[in-house]
Each structure stands twice: as C-alpha cells, then as structure tokens.
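In the numbering used here, the protein residues as written are -7 to 390. A virtual CB, placed ideally from N, CA and C, is assigned to each residue, including glycine. These numbers come from a predicted model, not from an experiment. Report on the following structure.
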Amino acid sequence: MRYPVLSHLRRMWENCCGYEMNTNNTEEKNRNKTIIRTSIIGILVNVLLAAFKAVVGIISNSIAIVLDAVNNISDAASSVITIAGTALAAKQPDKKHPFGYGRIEYLSALVISMIILYAGITSLIESVKKIIDPSIPDYGTASLIIVAVGVAVKVVLGRYVKGIGKKVNSDSLINSGADATLDSVISASTLAAAIIYIASGFSTEAYLGAIISVIIIKSGLDMIKETLSRILGESAEPSLVVDIKNTVKEFEDVRGVYDLVLNNYGPDMFNGSLHIEVPENYPVGKLDELSRKITYKVYEKYNIYLTAIGVYAFNEGNTKAVSIHNKIASEILSIKYVRQMHGFYYDEEAKSIRFDAVISFDSPDRSETYKQVCDKVMELYPDHKIVIAMDADFSELD
C-alpha cells in the first residue's frame, strides 16, 4: 500500500531536520503512467469493438448488438475521464488547495459510475421498446463470431483493467474494469439470444437485454454509493491504524497511543494526528525531540505526515491516583456504549480528576451516555473538580 505525502513536507524533513528521505515522486509518476497507459489500451479496444459491433448490429438488425456497441463507446468515454482525472489529481498543492488535488480521482470515479448507470437505463428503455414492438433479427455466422470474440476480449480487458486498478488503488480503473466485465455479460447474453433464435425461431434478446440492463443499473448505483462514501470520508483501514499505533508504542517513553485521526485527500493520501501518553514530569525539551522522532518514523514507514501530536500526562508512582483510576474505570466501563477511558490524570493538590471517555458511535444518544459518565464520577468524588472530555474512537478499534 502506498501513502504519498506532499513534496513540501519531504523537503521540510530534508532541509530543516537533516534527514534524507526517499522521494515518492518516481512512484507517483509511475502510478499515473500506469493508469493512463491502461486507460489508453481500454480506449483503443473499446473503439475497435464498438465499430465492429455497430456494423454487425445494423446489418443483422439486432438491437442487442447495437446497444452492445454503444456500451463500448461509453467504456471508451470512461477511460478518457480516467485519464483526465488522473492528470488533474497530479497537480501540485497550492495556496487554495494545500493538501493537493488527489480527491479529483474520486470525482472521476463518480462520473464513470454515473455513465454506467445512464447506459443501464438507456439499455433498459430500448429493450422495453423492442419487447413492445419486436423486430426480426438476422444473425449471420460472421456476426456471431464477432460477438463471441467481443465476449472474450471484454472478459480479458475487464480482468486486466480491474487488476491494475487494485494494484495502483485507482477507483476509476476498478470501476472501468467492472464495467467491462458487465459488458462481457451483455455480449454473452446477446450471443445466447442469437443461438436460441437460430435453434427455435423465438427472439429473446429484448427480454435478456432488459434483465441485463437491470443488473447494470444496480451495479451503477452500487458504484455511486461506494464512491460517495469515500468522498464523504471513511475511517482508515483497521490494519493501518493498528500498525501506526504499534509503531508509536515502540518508543521507550510512550505508554499509550490514542485518538488517531487520519484525513484522506485522495487514494492512500493521508495526514493525521494522535495523542501519546508520557510521564507527568517528562521534560519539555525531551518531549519536543520525542514528538519529532515519532513524526519522522511514521512518515518514513507509512508516508503519512502527523500534523499534530497531543500529549496526555500520567501519574508516575502515585498509588492513590492508580486506585482512583481503577475505581472510576470499573464504574464507567460498565455503562453501555462506553468503550474506553484514557488520558487519566489525578491532581491531588488541586483535587481535580481529568480524563477522556470514549463513547461509541453505536450509542443512540452520545450526549446522554456522556452525561451518565459525568454523573457517575461526580457521585463517586463530589468534592473534586471533574473534567471529562467526550471522545470518539474514529477507528472503532480501541
């Protein structure tokens, strides 16, 4: 998996901190070249198939074959959109968009999904028209051979494009590959309808076209839903969250890692923030050095830049603080939807207690759950100043 960061962050490390970083420019350029090359192959294949199928469909008076040719043109258009989206997403960050243009890839994937949906609706309309007003197809050997070849080509093309899309994490290519696979099903149904007609004299292509159109519509809607979810913002992969936390925990003075938030600015393009838990008397200078080392380590290993590292202090060698912590934890963790408490600190001189309570998104009313936590702690320690932050586990892992 690849996690590109902005070039100015890399330069910051190299020039200001004395670190030599391996650049991602080559990897980024190679990824873009791969996407564009794959898209060009898709365009050429689909244009050739569309031309052959259009001629065959007109000659044989087959609406299914003509619609199949139209689908090939829509696939070629999808590839053009993929190329345009990749080129725009590669633009360098600027003052208006300091985190780059990577999310444009999601928009291009959305446009492709809408094209697929439109193709399905159009195909359904034409199929229904042919059911109402059928025409007699005239299949020839040459037309059937071309359709059969088209099926084989689209199967290979779909697998190839989708495979490359997964390899370089391109939603646009993945959607284009899925579209090509659906087209192979359409072509196969057309071939099946031709064989049935030749064998029985009964034309089923309009009915098969309607069924396949419904499948295409459903696939288009699913792709739109998935792409919109990415645009809205999804939680990071659990495995990535666990890996980052474990990496930070490897530092000697870090007792806990919490509140990891990763902000996505395109396929595998993240920056983020987290909290670390360190001893209460940890020197500020040493803390500054530790935070820089953590930032560098996460950047080096995952190419994710931590824009902020917050700090929780824990009581060191204070048995009373441990006792209070355990008592509160025992009580509030029994409350439904309270997943965790962290960042606990007891100030005996000021008679104050502070910590974060992680409340699950499954709670029907997180504010009410938070109130239950506050009431319980105030009931236990009415003579103390209680400061409780309602927190959320954005990865739902803690």
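How close, in whole Å, do the beta carbons of residue i and residue j come, if the pair is a contact with beta carbons under 8 angstroms?
i, j, result
"residue 163", "residue 97", "6 angstroms"
"residue 333", "residue 348", "7 angstroms"
"residue 136", "residue 186", "6 angstroms"
"residue 305", "residue 257", "32 angstroms between Cβ atoms; not a contact."
"residue 184", "residue 153", "That belief does not hold up - the Cβ atoms of residue 184 and residue 153 are roughly 24 angstroms apart, past 8 angstroms."
"residue 329", "residue 361", "5 angstroms"
"residue 174", "residue 208", "6 angstroms"
"residue 284", "residue 270", "The pair is not a contact, with the Cβ atoms about 14 angstroms apart (cut-off 8 angstroms)."
"residue 167", "residue 101", "5 angstroms"
"residue 365", "residue 345", "Contact flag wrong, Cβ pair sits at about 12 angstroms."
"residue 406", "residue 323", "Residue 406 is absent from the model: the chain starts at -7 and stops at 390."
"residue 294", "residue 351", "That pair is no contact at about 28 angstroms."
"residue 115", "residue 201", "6 angstroms"
"residue 61", "residue 39", "Between residue 39 and residue 61 the Cβ distance is about 10 angstroms, and since that is not below 8 angstroms, they are no contact."
"residue 94", "residue 261", "4 angstroms"
"residue 407", "residue 112", "The first residue shown for the chain is -7 and the last is 390, placing residue 407 beyond what the model contains."
"residue 290", "residue 239", "6 angstroms"
Assign residue i to buried or exposed, taking buried as 16 or more other Cβ atoms, counted over all protein chains shown, within 10 Å of its Cβ.
i, result
"residue 371", "exposed"
"residue 396", "Summary: the structure shown does not reach residue 396, with the chain confined to residues -7 through 390, and so no result is reported for it."
"residue 450", "Residue coverage of the chain in this structure runs from -7 to 390, which leaves residue 450 outside it and unanswerable."
"residue 15", "Per-residue confidence for residue 15 stands at a pLDDT of 47, beneath the threshold of 50, marking its modelled position as unreliable; no derived number is given."
"residue 44", "buried"
"residue 144", "exposed"
"residue 220", "exposed"
"residue 23", "buried"
"residue 180", "buried"
"residue 197", "buried"
"residue 252", "buried"
"residue 203", "exposed"
"residue 353", "exposed"
"residue 50", "exposed"
"residue 121", "exposed"
"residue 231", "exposed"
"residue 383", "buried"
"residue 311", "exposed"
"residue 316", "buried"
"residue 377", "exposed"
"residue 105", "buried"
"residue 41", "buried"
"residue 318", "exposed"
"residue 342", "exposed"
"residue 228", "buried"
"residue 275", "exposed"
"residue 127", "exposed"
"residue 335", "buried"
"residue 374", "exposed"
"residue 223", "exposed"
"residue 90", "exposed"
"residue 280", "exposed"
"residue 303", "exposed"
"residue 326", "exposed"
"residue 133", "exposed"
"residue 273", "exposed"
"residue 176", "buried"
Mind checking who residue i pairs with in its DSSP beta bridge?
i, result
"residue 383", "350"
"residue 271", "306"
"residue 263", "255, 297"
"residue 248", "269"
"residue 377", "344"
If you measure from the beta carbon of residue i to each beta carbon in chain C, is any gap under 8 angstroms?
i, result
"residue 277", "Protein chains in the displayed structure number just one, and chain C is not present."
Legend entry - Three or more C-beta pairs below 8 angstroms linking the segment 234 to 251 and the segment 213 to 224: no
Legend entry - Validate contact between the segment 84 to 101 and the segment 191 to 200 using beta carbons, cut 8 angstroms, 3 pairs: no
Legend entry - Ranges of the alpha helix (DSSP H) found wholly within the segment 302 to 351, counting only runs of at least 4: 311 to 324
Inset, instruction - Report yes or no: do three or more beta-carbon pairs, one from the segment 294 to 313 and one from the segment 263 to 271, lie closer than 8 angstroms? - result: yes
Legend entry - the segment 26 to 44 in contact with the segment 68 to 80 per 3-pair CB rule at 8 angstroms: yes
Legend entry - Touch test, the segment 142 to 157 against the segment 34 to 42, Cβ-Cβ under 8 angstroms, three pairs minimum: yes
Legend entry - Complete alpha helix (DSSP H) runs within the segment 80 to 131 (minimum length 4 residues, chain order): 96 to 124
Inset, instruction - Return the chain-ordered ranges of every beta strand (DSSP E) run that is complete within the segment 180 to 248 and spans a minimum of 3 residues. - result: Counting whole runs of 3 or more residues, the segment 180 to 248 contains no beta strand (DSSP E) stretch at all.
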